[in-house]
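A.B. asks: Chains C and P, in that order, are what the protein sequence lines are. Note that the working numbering has the first sequence beginning at 1, numbered continuously upward. Note that the working numbering has the second sequence beginning at 101, numbered continuously upward. Glycine included, every Cβ here is placed at the ideal spot set by N, Cα and C. Keep in mind that this is a model prediction, so the values were computed, not measured.
Protein chains: 2
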Amino acid sequence: MKNPIADLNKIFDSRIRLGVMSMLVVNDEIGFNDLKQMLELTDGNLASHLNTLEQADFIKVHKGFIGRKTSTTYSITALGKQAFKAHLDALEKMIRKL
Amino acid sequence: MKNPIADLNKIFDSRIRLGVMSMLVVNDEIGFNDLKQMLELTDGNLASHLNTLEQADFIKVHKGFIGRKTSTTYSITALGKQAFKAHLDALEKMIRKL
DNA sequence: TATTTAACTTTGAAAAACAAAGCACTTTTA
DNA sequence: TAAAAGTGCTTTGTTTTTCAAAGTTAAATA
Chain C
1 MKNPIADLNK
11 IFDSRIRLGV
21 MSMLVVNDEI
31 GFNDLKQMLE
41 LTDGNLASHL
51 NTLEQADFIK
61 VHKGFIGRKT
71 STTYSITALG
81 KQAFKAHLDA
91 LEKMIRKL
Chain P
101 MKNPIADLNK
111 IFDSRIRLGV
121 MSMLVVNDEI
131 GFNDLKQMLE
141 LTDGNLASHL
151 NTLEQADFIK
161 VHKGFIGRKT
171 STTYSITALG
181 KQAFKAHLDA
191 LEKMIRKL
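Written out as structure tokens, the structure is:
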């Protein structure tokens with residue numbers, strides 16, 4: 001037997017980051033506010049988790065405008081997609097014994 | 101849309117507790133030392149996570165002897181099995197959109 | 001008798017999570 | 001046009017969580 005949790009990505013231990021990633025896998029772009037409302041978080045809390053994800057190059061920020069109003073959106077990177085998939089695979093492998 | 105992480109159990113945010121549970125789902129009983137070696141943890145660290153799981157009534161301790169030597173083993177409870185399954189279902193639901 | 005092993009508990013430090021407040025800017029509302 | 005509100009943060013400080021290390025008790029082994 002080998003350590004069943006060794007292949008889990010530490011970044012995805014967080015339910016919030018897991019939630020962000022799962023939303024970004026199915027939506028090309030999501031706004032800060034949408035994420036905030038969906039995950040029911042405070043600004044600061046969300047911002048810091050997004051920051052962790054950005055540092056890891058798992059997501060990318062897009063600063064733009066809707067008309068003349070600022071709008072920040074996020075999207076997943078290729079690396080992020082890969083890492084997330086690897087994490088899910090590890091999770092699945094861990095529990096497939098069920 | 102609804103909050104995708106609302107149904108995840110906070111207790112299973114921890115990779116270690118996740119690992120313990122996944123091992124206990126497939127093995128009726130596992131010893132302290134086996135868990136420790138498998139998950140590569142220090143005594144104190146493992147003990148405290150087991151304690152969290154026990155407080156939640158997700159696992160049960162069995163203190164016994166092998167000969168006259170103490171031997172502690174752990175097993176999953178019905179509640180634990182249910183909670184773990186619910187967590188995995190929530191996880192699956194969250195990512196099934198893939 | 002000295003050391004080792006098992007299974008912890010206690011202590012304390014480091015890291016992570018989080019809420020609240022502040023901020024710069026813009027837009028909307030009164 | 002002045003006040004209020006929204007966007008997307010950063011900063012600050014508290015609380016929670018994680019974890020390793022050391023101490024502990026009792027039995028086993030050398």
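How is S48/C classed by DSSP in three states: helix, strand or coil?
C.D. replies: helix
A.B. asks: For I203/P, decide whether its Cβ has a neighbour in chain C, counting only Cβ atoms nearer than 8 Å.
C.D. replies: Any answer about residue 203/P is impossible in this case: the structure gives chain P only from 101 up to 198.
A.B. asks: When you compare each of A178/P, F184/P, I116/P, K181/P to D143/P by their alpha carbons, which one comes out closest?
C.D. replies: I116/P
A.B. asks: Which same chain residues end up closer than 6 Å to M94/C when comparing Cβ atoms and leaving out the 5 residues on each side of it in sequence?
C.D. replies: P4
A.B. asks: Roughly how many angstroms lie between the CA atoms of S71/C and S14/C, to the nearest whole one?
C.D. replies: Taking the straight line from one Cα to the other gives about 26 Å.
A.B. asks: Taking D113/P as the query, report the chain C residues whose CB atoms sit under 8 Å from its CB, ordered along the chain.
C.D. replies: D13, S14, R15
A.B. asks: Taking T73/C and G19/C to be in contact with their CB atoms under 8 Å, please state how far apart those CB atoms are, rounded to whole angstroms.
C.D. replies: 16 Å between Cβ atoms; not a contact.
A.B. asks: For F158/P, collect the residues of the same chain with a Cβ closer than 8 Å to its Cβ; drop the 5 residues on either side in sequence, then sort them by chain order.
C.D. replies: I111, M121, I176, T177, L179, G180, A183, F184
A.B. asks: Start and end of the beta strand (DSSP E) containing I76/C?
C.D. replies: 69 to 76
A.B. asks: Are there 16 or more other CB atoms within 10 angstroms of the CB of H187/P, so buried, or fewer, so exposed?
C.D. replies: The residue in question, H187/P, is buried, as its Cβ has 16 or more Cβ neighbours within 10 Å.
A.B. asks: Within 10 angstroms of its Cβ, does H149/P collect 16 or more other Cβ (buried), or is it exposed?
C.D. replies: buried
A.B. asks: Residues of chain P with CB closer than 8 Å to the CB of I59/C, please, in chain order.
C.D. replies: Here the premise fails: no neighbours, minimum Cβ distance about 16 Å.
A.B. asks: Does N103/P come within less than 8 Å of chain C when only Cβ atoms are used?
C.D. replies: yes
A.B. asks: Contact defined as beta carbons within less than 8 Å: I believe K36/C pairs with L46/C. What is the distance between those atoms, to the nearest angstrom?
C.D. replies: About 5 Å; that satisfies the 8 Å criterion.
A.B. asks: Does E154/P come within less than 8 Å of chain C when only Cβ atoms are used?
C.D. replies: False, the Cβ-Cβ gap to chain C never drops below 8 Å.
A.B. asks: In terms of DSSP beta bridges, what is F103/C paired with?
C.D. replies: With chain C covering only 1 through 98, there is no way to say anything about residue 103/C.
A.B. asks: Short of 8 Å Cβ to Cβ, which residues in the segment 167 to 193 of chain P face chain C?
C.D. replies: Within the segment 167 to 193 of chain P, the residues whose Cβ lies closer than 8 Å to any Cβ of chain C are, in chain order, L188, L191.
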